[in-house]
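Written out below as structure tokens is the structure these notes cover.
Numbering (my numbering), first residue to last: 2 to 420.
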């Protein structure tokens, strides 16, 4: 549309009013008004659907429609067009309501003035264009806000997924780090055990022969000394006891360093456990220990060295009894599980030995397998028992874990692969 061309659509049932408006608009020198008209609501709606106009001049009282209903139907058909209501002197209240509902202006037909008419038409067109521009800008802004909101929601969801993924990765890294530290500790322990084993073997062989000679000398002196001086007799007794204790340590060192050949055969682990319990019966009676056995209903035979595993179980049972000097309960349990540790998820036979004692002091829990570490040195402990136990279990490609129980006491857990 050129700037000076305006298409006006008159919806008016009074032909004289139509001609009057057309005549007035035709006299405007600098604007070309092209007019079309309809004399009923029905005709007006049809032409609005078929043609393009710049403005509608609307009479509210038509043959087929009256009042605000007329305006509402035209406005619903062409909400994008400016509408000026044509009204009589007695309909100004109705016209005002139409303006409130969306009409741009109203003109009283009884006092039409060319300047007022033209100004009203042009102003209505500009106001409507401004309203449409604002509406479009608002709609575009709302659309952009919706799109941006959607983008932000997607970004937030993506960020949430990245945070969860990062947390998962951090957890995996921590787990891998912990596993690496555990493996490193195991390697260090294995290397230490190898060095200690070699040293122990050498020292034991070097010490065993002199001890035997000293013991023979003490026994010789006991037979040859005729003067039964009580001090001399006690001194020789002390020397003999010290030699026996030293010999016990030497034999422990040899045992620790020489576990290289195992006699592996299929054995019923329950029979081995029962044998170890039977050999410990005197200790149970002495310290008033109650025995509880919870054996798996079906436990396949394990490939073990019966004597060595019996030695392991005896050591663990005696340790448990020592932890209950005032009496308590010793529980021995067996079951089958899939290992989640160093045995790589393989099917394992498990033996648990639990006591109801005071447990192990946390500060020494990681030292209990070290050779010569003992809390019972005053009672003759050598600190080789658990070191030998661990050595035997690892020679069977098994694992041992000693820890405190949540309800009190300690437990030793042995796992052997079921082949």
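Don't be surprised by glycine CBs; every beta carbon is placed ideally from N, CA and C.
Residue burial is scored here from C-beta neighbours: residue 174 has fewer than 16 other C-beta atoms within 10 angstroms and is therefore classed as exposed. Taking a 10 Å sphere around the C-beta of residue 281, we find 16 or more other C-beta atoms and assign the residue as buried. Residue 291 has 330 as its beta-bridge partners, per DSSP. Here the alpha carbon of residue 22 sits roughly 18 Å from the alpha carbon of residue 105.
One alpha carbon belongs to residue 271, the other to residue 413, and they sit about 16 Å apart.
In this structure, DSSP gives residue 107 an extended state, which the three-state scheme calls strand. Partner residues in the beta bridge of residue 348, as assigned by DSSP, are 339. When rounded, the separation of the alpha-carbon atoms in residue 318 and residue 354 is 7 Å. Here the C-alpha atom of residue 127 lies approximately 23 Å from the C-alpha atom of residue 13. Less than 8 Å separates the beta-carbon of residue 334 from that of residue 295. Just measuring C-alpha positions, the residue of 286, 365, 81 and 269 sitting nearest residue 351 is 269. Taking all protein chains shown into account, residue 95 has 16 or more neighbouring C-beta atoms within 10 Å of its C-beta and is therefore buried. In this structure, DSSP gives residue 297 a state outside helix and strand, which the three-state scheme calls coil. At the C-beta level, residue 420 and residue 304 come within 8 Å of one another. DSSP places residue 323 in the uninterrupted alpha helix (DSSP H) bounded by 307 to 323. Here the C-alpha atom of residue 81 lies approximately 10 Å from the C-alpha atom of residue 54. The alpha-carbon of residue 267 is positioned some 55 Å away from that of residue 233. Residue 316 counts as buried, since at least 16 other C-beta atoms from the protein chains shown sit within 10 angstroms of its C-beta. Distance between residue 31 and residue 75, taken at the CA atoms: about 29 Å. When secondary structure is reduced to three states using DSSP, residue 54 falls in the coil class, being assigned neither helix nor strand. No residue range can be given for residue 371, since it is assigned to no alpha helix (DSSP H) and is classified by DSSP as neither H nor E.
DSSP places residue 128 within a helical segment (H, G or I) once states are collapsed to three.
Taken through DSSP and simplified to helix, strand or coil, residue 274 comes out as helix. Apart from sequence neighbours up to five positions away, the residues of its chain that approach residue 324 with a beta-carbon distance below 6 Å are 356 and 358, ordered along the chain. Between the alpha carbons of residue 19 and residue 11 lies a gap of roughly 7 Å.
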